[in-house]
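Notes follow the structure.
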Amino acid sequence: MKLEIFPEKCTGCWLCAAVCSARLAGEFNPSKSAVYVESLLPDKLVIRPYVCIQCDEHPCVESCPVEAIVEDKELGIYVVDKELCTGCGACVEVCPYNGLRLDPVGNYAIKCDVCRGKPRCVEMCPEEVLK
Amino acid sequence: MPGGYVGKILRVDLSGEKTSSEDLNLQWARLFIGGKGLGAKYLYEEAKPGADPLSPDNVLILMTGPLLGTTAPCVPKYAIYTKSPLTGAFLDSYIGGYLGAELKFAGFDAVIIKGKAEKPVYLWISDGKAEIRDAKDLWGLDIHEAEKRIKEKLEDKEVKVAAIGPAGENLVKTACITIDTYRQAGRGGGGAVMGSKNLKAIAVRGHQGVSVPDIEEFIKLSKEITKNDVLTEDNLWAKTDGTPSFLQMVQEGGILPTRNFQMGVFEYANKIDGDAVKKILVRRRACYGCPLGCSSLTQVKEGPFAGTVIEGPDYETLALGGSNCYINDIGAIAKYNLLCDKLGLDVISTGDAIAFAMECYEKGLITKEDTNGLELTFGNVEAYIEMPNLIAYRKAIGDVLAEGVRKAAEKIGKGSDRFAVQVKGLEYPGYEPRGSIGMALAYATSDRGACHMRAWPVNDEVFGDMDPFTTEGKAQLVIDGQDLYCAKWTLVVCDFYAIGYENIARLASAATGWKLTVDDMKVIGERISNLVRMFNVREGFTRKNDTLPYRIANDPLQGGKADGHVVKPADFNKMLDEYYRLRGWDKEGRPTKEKLKELNLI
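Protein chains in written order, with this note's numbering: chain R, 953 to 1083; chain D, 5 to 606.
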């Protein structure tokens, strides 16, 4: 299962991040979300979300010095084991899709796990930017 | 603690260069909820009666509400509360964008700013802390440049910024505060209040969360309301067309301000309408948490203003900066919009001021000597596009117009007050009351002066079934509108979601955990209307300030459905008498003791 991003329709409402953080952190807190919305206004008319797209090459897995990004065989994707993760940020650096982020206080990487099957951001997005 | 709130208020004393944090007054929160209610309460309690709005004594409050930062649909807004330098009355101005949510993520429900810094400063708020920082190198910069510089200094492009431009620095009474590049606290001169305090900007960044009692239930409710009450016929225009689509509807109703409120229709309306904006549309943009996304990011494609990029122009810009100045070039209006945004000017009041000056010029009351040599006639793009700079930098006639049209008319004299269209000093927005008589009452009794966002009878009189020329039922219509808006601005839901009391109560209850009913929210709405009126009464405002502009009462409107109409003073006074009586206020428009007791205000 993979998320697809259609960035040209993104309006930058952050509802994806709000609803994601509710699940990951139990509160509304976009900085603890696996989705991140970038705006390049006013220099460029670009607004788009970034989230892990579960790419085939997964350089994050290889970059991790403690092997904290592990395969979830059931879902067929790689997820972060928060217990193992030291928050070194190597995976964040190496990801070519800006798909991972560091939790601002928890000292671990945040990576989308497609809500284990029913991604909330997809349901919440008013513009079908995420599918 | 109730949910929704983060529970802290940041206090900033610019004179003493001190900041501190304190608990939100939860007793007041229960009575007033947030936004307009709490903002008005703190302002009423902390403002020194009779204070000069541009003195260190004036208080500037930024207030959010319990829904901000959550998934509640269409709640990106927060507001500033202060005493207006343009009117001397209560001022609240609502802003979309992201800064309001960010303020809560930074750990504060509100910021209360007093005093005056010795030299230019900016305020940096992050994760429960605040610092007053030097802004010497930012002073003088336009707003877009200042915002960019601040983000560079703080090395974080996610920082949200509220800033003033040269207009605010130069204490232009119609100066706005711009937030997140393209959103404004436009009306009433909040930018001048910041300027008078030597406060160039407020920068905010936060990584904390907003909690509600049952987050899964809250999200379910947000989705249900989005589906059944937001993405419906009443609101979908905002998503598909945005506010520019109003222009043809208003034109058809004959209430489009044209040539400084001389006419109700504009012969070139099709050059500046919704379709004209769609032709330059690049993409749509939303504020935080909004499934509608009404804003148009546009780029002018041809003509002398090709390349101009702006979020807008919205309806009010098209009306006051367009038809009211007799400008029919969409590129010029976009450029005007961009200039106002960068310089920090309210597009509504500035459009009115330019239109007023154009009429003065055409009537020979001012000449090229006053206008820096500009041929300031209606429709002259070359002169029009120079005016925002003259006003922001107070050059030539711009210095006079920088005081707003009421004061400008006093200065110019020669009967120009007869076509200075304002109430309490705040210029009229884009709906002509000679073809929608209830608007005359709405403008007259609006707390901050002539405002279309305190009650909007246009919806019933022009777009609905009510007769737009009779006084019947209009007082109650205005009161109902004002109280509903107060409840709405308290939460702080965007204007473009036509929310009713029921969903206001459901969302407020789900966020706070308090059991708030429809009746509770109605009382809260009325309570706020009265509290704000108490503020204005304390500042000396009574019936004499709830006025009908001379032009609206005396000059027959030209063209369109309301051709030949005026709003007769006798009709206006009849509505005003009825309005005061239904409000439970005395004949001078002062809330009675009984009414204030009933509403728990004394």
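The beta carbon of each residue, even a glycine, is placed where N, CA and C say it ideally should be.
Quick check on residue i - is its C-beta less than 7 Å from some C-beta in chain D?
i, result
"R/Ser985", "no"
"R/Gly1051", "no"
"R/Val971", "yes"
"R/Leu967", "yes"
"R/Phe958", "no"
"R/Pro994", "yes"
"R/Asn981", "yes"
"R/Ala1061", "no"
"R/Gly1069", "no"
"R/Thr963", "yes"
"R/Ala974", "yes"
"R/Pro1001", "no"
"R/Leu1082", "no"
Apart from the five residues on each side of it in sequence, which residues of its chain come closer than 7 Å, Cβ to Cβ, to residue i?
i, result
"R/Val971", "Arg1072, Cys1073 and Met1076"
"D/Glu530", "Asp487 and Leu603"
"D/Phe270", "Gln255, Leu260, Thr262 and Ser327"
"D/Asn558", "Val570"
For the candidate residues the options, whose alpha-carbon lies nearest to that of residue i?
i, options, result
"D/Asp184", "R/Glu1023, R/His1010, R/Gly964 and R/Lys984", "R/Gly964"
"D/Tyr501", "D/Asp471, D/Ile147, D/Thr546 and D/Cys291", "D/Cys291"
"D/Ser97", "D/Asp451, D/Tyr126, D/Val10 and D/Leu18", "D/Asp451"
"D/Ile352", "D/Pro6, D/Gln212 and D/Ala179", "D/Ala179"
"D/Thr247", "D/Phe576, D/Gly311 and D/Leu322", "D/Leu322"
"D/Leu30", "D/Tyr584, D/Ile395, D/Trp518 and D/Leu580", "D/Trp518"
"D/Pro437", "D/Ile337, D/Asp374, D/Glu256 and D/Leu552", "D/Leu552"
"D/Phe545", "D/Lys87, D/Ala412 and D/Gln188", "D/Lys87"
"D/Leu42", "D/Pro57, D/Thr23 and D/Leu66", "D/Leu66"
"D/Val281", "D/Pro295, D/Thr371, D/Asp333 and D/Gln266", "D/Asp333"
"D/Ser299", "D/Pro317, D/Leu380 and D/Ile503", "D/Pro317"
"D/Asp567", "D/Val496, D/Phe473, D/Asp146 and D/Leu586", "D/Phe473"
"D/Asp550", "D/Ala514, D/Phe309 and D/Ala454", "D/Ala454"
"D/Asn174", "D/Lys157, D/Leu158 and D/Asp146", "D/Asp146"
"D/Phe309", "D/Gln562, D/Tyr505 and D/Ile389", "D/Ile389"
"D/Asp233", "D/Ile314, D/Gly111 and D/Leu511", "D/Leu511"
"D/Thr516", "D/Arg15, D/Asp575 and D/Pro70", "D/Pro70"
Just grab the DSSP bridge partners of residue i for me.
i, result
"D/Ile181", "D/Ala189"
"D/Leu127", "D/Ile136 and D/Ile206"
"D/Ile84", "D/Leu66 and D/Ser97"
"D/Met267", "D/Thr262 and D/Gln562"
"D/Glu431", "D/Gln426"
"D/Asp17", "D/Lys22 and D/Lys118"
"D/Asp27", "D/Lys12"
"R/Asp1024", "R/Ile1029"
Note down, in chain order, each residue of its chain lying with its Cβ closer than 6 Å to the Cβ of residue i, except the 5 sequence neighbours on either side.
i, result
"R/Gly1041", "Leu1054"
"D/Val254", "Leu260"
"R/Phe958", "Val1081"
"D/Asp61", "Lys52 and Ala55"
"D/Met579", "Leu445, Thr475, Lys478 and Ala479"
"D/Glu431", "Ser353, Asp356 and Val409"
"R/His1010", "Tyr1030"
"D/Tyr447", "Val427 and Ala454"
"D/Ser420", "Cys364, Leu369 and Ala413"
Examine chain R for any beta-carbon lying closer than 7 Å to the beta-carbon of residue i, and answer yes or no.
i, result
"D/Tyr292", "yes"
"D/Gly73", "yes"
"D/Gly213", "yes"
"D/Leu240", "no"
"D/Gly8", "no"
"D/Arg531", "no"
"D/Thr185", "yes"
Would you mind sorting residue i into buried or exposed? The rule is 16 or more other CB atoms within 10 Å of its CB.
i, result
"D/Asp141", "exposed"
"D/Pro573", "exposed"
"R/Arg1068", "exposed"
"D/Ser19", "exposed"
"D/Val79", "buried"
"D/Met391", "buried"
"D/Thr371", "exposed"
"D/Thr302", "buried"
"D/Asn507", "buried"
Please list, in chain order, all residues of the same chain as residue i whose beta carbon is under 8 Å from its beta carbon, the five residues on each side excluded.
i, result
"D/Ala44", "Phe36, Tyr85, Phe94, Asp96, Ile532, Leu535, Val536 and Phe539"
"D/Arg137", "Val125, Tyr126, Leu127 and Trp128"
"D/Ile181", "Ile84, Ser97, Ile99, Ala166, Ala167, Ile168, Gly172, Gln188, Ala189, Gly194, Gly195, Met198 and Gly348"
"R/Tyr1049", "Tyr1002, Cys1004, Ile1005 and Cys1007"
Within the present structure, is the beta-carbon of residue i separated from the nearest heavy atom of the ligand FMN by less than 6 Å?
i, result
"D/Glu582", "With respect to the ligand FMN, the structure shown offers nothing to examine, as it has no ligands at all."
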